[in-house]
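Last residue of the sequence shown: 795 (the working numbering), numbering continuous. For each residue, glycine too, the CB sits at the ideal point set by N, CA and C. These numbers come from a predicted model, not from an experiment. For reference, the structure is listed below as structure tokens.
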Amino acid sequence: MKKMIALGMLASLLNAGLLHAQEEADIKTNATGATNAVVTAEPTVASADTNAVANTNAVTDTNVLAAAGVPADAGVPADAEPKPPEDPVKNMIARFSFDAGIMPEPTAGDFDIPVVFQRESPAFLNDQELGANMPRLVAGKFGQGLIVESAHANLYSPSQAGMKEVSMFQPLNGSALAGIAEKPWEGKQALAVTTKGEVGDEGVALELKVEKALYNGASIVPAYYVASVYLKGQGNLKLFLKDMDSDTVGETVYVDLSNEWKRFFCTFNAPFPAMSIGAKHEADWKKLLPGSAGALRPGEPPGTNIEARLQLAIVTTDSSKTTFYADGLQLETRAMPYAGTGAGPAPQAWAPGGMVLSNETLTISTKDNYFGRWRKNGTISFWFLPNWDARDGTRDTILQIMKSLMTLQHVNGKLQLAPVGIAFTPSDWQNSWHHIAITWNAEGQWVMYVDGLDYPSDEMMKRPMAAAAALVFGGAAQSMAPNGIIDDLMFFQITLTPEQVKALFAGDLLKPAVTTASGETPASVVTTAPVVTTTPVVTTTPVVTTTSAPDALVVTTAPALTTAPAATPAIDTTPTPVAVSTTAAPVTTMAPTPTATNSLPASIPAATNSPAAPVVTTAPTEQTPAP
């Protein structure tokens, strides 16, 4: 009786269409009396709750598919294999090493990327003056890097800044002063200071008239001053700035001298009340000062109390007899919109006395077709050494994706990527190299990576990059610049994965291309990037394939290396092959290239004011395929 009921239920299910078999089921009864349903075509289940009785002992939750000998997930497509991440090497659009100028390394794509460096004023580097719009290349993370700084000036006179006239300096507590021409840091001579060793605070001082307040375009604010000097010798010193009228002393910095030139600096915050007066008061802001703030005494006109005699003192910490040497003095004012943040500002690159430098920017055009895929899914990667302490009150614009799309700034003690809500609080960045990468995808999700660690955007603040005209390091305003050194800048037309960014930071994904001043690649450096040399040599056989989309560029590297002095790279444009000459395009150099032995790049003072030395990865002599 039970067998008949089971057979009747199964027939009802089939007739009702709950089991959509492609062919008729053959129902057989085995020797033990058990009934099995054999389905010769793939069945589907009409409802997740629909079960059939498959044998005489089956319970109501036994699925008919299992009874029919068909897996329960039959008809459901298996999970597809995860797509492997795309190769970053094949998807690199451009790489800027800055070893031979500001232009990108030669590529196999035969396209030009417009690059513009702008600074309206001349600048000074390695004992020579560079003209307007000439970049300053100094020791970088790998080989050379590019300085990009805000506008600034050296308030000392040429004689004071270059130690040209000893009479400009005041000996303290019986110290003897003299000019010496033997190995000065800059120029023709340095200042030698010999102390008597009888009392403390023996040394030298330099005084200059300054103003206690500044106008920042909207408000009258207290002035911040930074004094810097290159020192060497034996013993211990201290340096500080002092308002001689009020006897107010600023930050005191202690110095442990060595036989090598090192840069040291100290800061001074002028005591002055802030006052909001609005815009367009560059010419008359001093007249708007109230008598209590701007007058020396009641009844005197405003502005008479705005001047101060600011003295820089470099003296011994105890009564020790010693001789030390000083050179390359600089005094500058710094904008401090977030003055209460913490540490004081650091000095900018040294300039001769009286020289005024304009704001600097590096602009890379991204509006052409070969940046098409990059605008949808892309990555920017670079190394950066700031000349600011992350805790100071300056505001530094590291880069902008124009127009008005994305901005990366050091502001109010944080590193912020706006407007996608990414913020990172560094601990102490001054004179320290850091790797920064920014990725995005077509859905508008952004991630900022700092030294391999990821900081994703707010899910509620997605922002697709529909268009991007340019990538700009810095900005138009005089206070909008990275204020540091940039090196090994790369563009990828894919969204790098966290693992790929970590490998890029660790140097496992791409090795830097490092060249010597003569253009030869050091034998200790393993390179997988194009090497810029004075005699172009192609060491790999790159093949470039362009997909149907005009803006998609896929680069594949042939696995075999050639030892021939030159090879002909083949470019497959599908369907028409195009031959490319092996003659490398000339490298555009916009400034004289400083040698890699630039021992003292004055732009980046350390906490000990030791200049950063270039980092070279040592490895067995080898050459691997270029991207």
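- Scanning the segment 375-423 from its first residue to its last, the whole beta strand (DSSP E) runs of 3-plus residues come out as 381-383, 387-390, 392-401 and 404-411.
- In this structure, I566 sits away from I606, with a CB-CB distance that is not shorter than 8 Å.
- Taking the Cα of V483 as reference, the smallest distance to any Cα among T575, A476 and F492 is reached at F492.
- Annotated three-state conformation of G612 is coil, per DSSP.
- Minimum Cα-Cα distance from R287 among the listed residues Y398, Q568, P505 and I315 corresponds to I315.
- Apart from sequence neighbours up to five positions away, the residues of its chain that approach G355 with a beta-carbon distance below 8 Å are D295, G330, M331, K332 and D495, ordered along the chain.
- Short of 7 Å from the beta carbon of P339, and not among the five residues preceding or following it, lie these beta carbons of its own chain, in chain order: L345 and V372.
- Annotation for P554: no alpha helix (DSSP H) segment contains it, though the beta strand (DSSP E) segment containing it runs G546 to P554.
- By the C-beta density criterion, G342 is exposed, having fewer than 16 other C-beta atoms within 10 angstroms.
- Under the three-state reduction of DSSP output, Q357 falls in the coil class, being neither helix nor strand.
- Between the segment 251-267 and the segment 512-520, the count of C-beta pairs closer than 8 Å stays below three; the two stretches do not touch.
- Contact between S387 and M302 does not hold, since the beta-carbon distance rounds to 35 Å and is not under 8 Å.
- When beta bridges are read from the DSSP output, I604 appears opposite F550 and V618.
- Distance from the Cα of P624 is smallest, within the candidate group M633, G612, L376 and A634, for G612.
- The three-state secondary structure of R431, taken from DSSP, is strand.
- With fewer than 16 other Cβ atoms from the protein chains shown falling within 10 Å of its own Cβ, S595 counts as exposed.
- Under DSSP, R631 forms no beta bridge with any residue.
- Per DSSP, the beta-bridge partners of P339 are V372.
- Annotation for V483: the continuous beta strand (DSSP E) segment containing it runs E475 to T484.
- Bounds of any beta strand (DSSP E) do not take in S647, whose DSSP letter is neither H nor E.
- If you check the CB distance, Q668 and R541 do not come in under 8 Å.
- A residue is called buried once 16 or more other Cβ atoms fall within 10 Å of its Cβ, and P650 is buried on that count.
- Taking K377 as the centre and dropping the five residues before and after it, the same chain places the C-beta of E475, A476, R477 and L478 closer than 8 Å to its C-beta, in chain order.
- DSSP, read as helix, strand or coil, puts P624 in strand.
- Of the candidates T562, E254, A645 and K455, T562 places its Cα closest to the Cα of T501.
- Note on geometry: alpha-carbon atoms of Q402 and D424 lie some 8 Å from one another.
- Here the segment 632-642 makes contact with the segment 569-585; the two share three or more CB pairs at distances below 8 Å.
- The Cβ neighbour count for E273, taken over all protein chains shown within 10 Å, is at least 16; the residue is labelled buried.
- Per DSSP, reduced to three states, the secondary structure at R304 is coil, with no helix or strand assignment.
- With contact defined as three or more Cβ pairs closer than 8 Å, the segment 402-417 and the segment 516-526 are not in contact.
- In this structure, P505 keeps its C-beta atom at 8 Å or more from the C-beta atom of A438.
- Rounded to the nearest whole angstrom, the CA to CA distance from M628 to M574 is 16 Å.
- Listed in chain order, the beta strand (DSSP E) elements of length 3 or more contained wholly in the segment 247-299 are 260-264, 283-286, 291-293 and 296-298.
- Under DSSP, D564 shares a beta bridge with H578.
- Where Q312 is concerned, the enclosing beta strand (DSSP E) starts and stops at Q312 to V316.
- Secondary-structure assignment with DSSP links I532 through a beta bridge to V283 and L639.
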